[in-house]
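Start counting the sequence shown at 17; every next residue gets the next number (our numbering).
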Amino acid sequence: MNQLISLLVENKPGALMRVAGVLTSRGYNIESLTVAKTLDPTLSSMTIVAEVSEENSDLLIKQITRLVDVVKAVDLTESKAVQRELALVKVSDVKPEMRSALTREAEIFRARIVDVAPTHYTLEVTGSPDKIDALIELLHHYGNVEMIRSGSMAMARMPNNRLPMPTFRMDSDVPDIAPVETN
17 MNQLISLLVE
27 NKPGALMRVA
37 GVLTSRGYNI
47 ESLTVAKTLD
57 PTLSSMTIVA
67 EVSEENSDLL
77 IKQITRLVDV
87 VKAVDLTESK
97 AVQRELALVK
107 VSDVKPEMRS
117 ALTREAEIFR
127 ARIVDVAPTH
137 YTLEVTGSPD
147 KIDALIELLH
157 HYGNVEMIRS
167 GSMAMARMPN
177 NRLPMPTFRM
187 DSDVPDIAPV
197 ETN
């Protein structure tokens, strides 16, 4: 099963390596990994999608939570979460008579054409992993496809699965950590 994990970690050298080490040392394959700083420069958010057996999913969260740099780890696999990826997709060797159809298909998926050349189109698309997979499968009919993806980013929709993300008030330069109810 693919487990979707959202983390808040201290923005320090080695934090990513330690989290990835927990997964790799136990033989879990990381399908997707996205890390970025938050509004608080001392913290980073991390989203991981990993192939984990169902019986080990709770144990993995506990093991990650014990790491020194991890502020909070939340399993979003079964929760209501917004999950998005960004992909750049280049379609080469597009026949002239297929260009307008490719453009229409891109519009259906709300993909933007970001580069055009006589022999190729480059599209930018954001959406769920399934949406991006569907577009890529469709684009194979128009020519040779080359693709790069950002990896999943996820944010909980339900308050009980939220990370304690930093928030800023307009009257302050100091971040507050949003309170989080834990189970």
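We treat Cβ as the ideally placed atom computed from N, Cα and C, and that holds for glycine.
Residues near residue i by beta carbon distance below 7 Å, same chain, minus five either side
i	result
residue 171	97, 98
residue 70	17
Cβ neighbours of residue i in the same chain (closer than 8 Å, five flanking residues each side left out)
i	result
residue 163	103, 104, 105, 106, 152
residue 160	107, 108, 109
residue 36	46, 49
Cβ separation of residue i and residue j, assumed to be a contact under 8 Å, to the nearest whole Å
i	j	result
residue 47	residue 31	Not a contact, Cβ separation roughly 20 Å.
residue 61	residue 174	Residue 61 to residue 174, Cβ: 17 Å. No contact.
residue 87	residue 17	Actually they are not in contact, since the Cβ atoms of residue 87 and residue 17 sit about 25 Å apart, beyond 8 Å.
residue 81	residue 169	Actually they are not in contact, since the Cβ atoms of residue 81 and residue 169 sit about 20 Å apart, beyond 8 Å.
residue 121	residue 154	6 Å
residue 130	residue 140	5 Å
Beta-carbon proximity check, residue i vs residue j, cutoff 8 Å
i	j	result
residue 38	residue 75	no
residue 59	residue 25	yes
residue 148	residue 128	no
Alpha-carbon spacing of residue i relative to residue j, whole angstroms
i	j	result
residue 100	residue 50	11 Å
residue 41	residue 34	10 Å
residue 93	residue 44	16 Å
residue 53	residue 21	17 Å
residue 156	residue 137	13 Å
residue 115	residue 144	25 Å
residue 23	residue 85	10 Å
residue 146	residue 125	11 Å
residue 19	residue 72	10 Å
Extent of the continuous alpha helix (DSSP H) run through residue i
i	result
residue 17	Note, residue 17: premise wrong, no alpha helix (DSSP H); not H, not E.
residue 100	Here residue 100 belongs to no alpha helix (DSSP H); instead the beta strand (DSSP E) covers 97-108.
First and last residue of the uninterrupted beta strand (DSSP E) at residue i
i	result
residue 69	Segment: none, residue 69 is in no beta strand (DSSP E) and carries neither H nor E.
residue 142	136-143
residue 49	45-53
residue 113	Taken as a continuous stretch (DSSP letters only), residue 113 belongs to no beta strand (DSSP E), as it is neither H nor E.
residue 90	86-91
residue 170	169-172
Cβ shell of residue i (< 6 Å), same chain only, five flanking positions each side left out
i	result
residue 112	none
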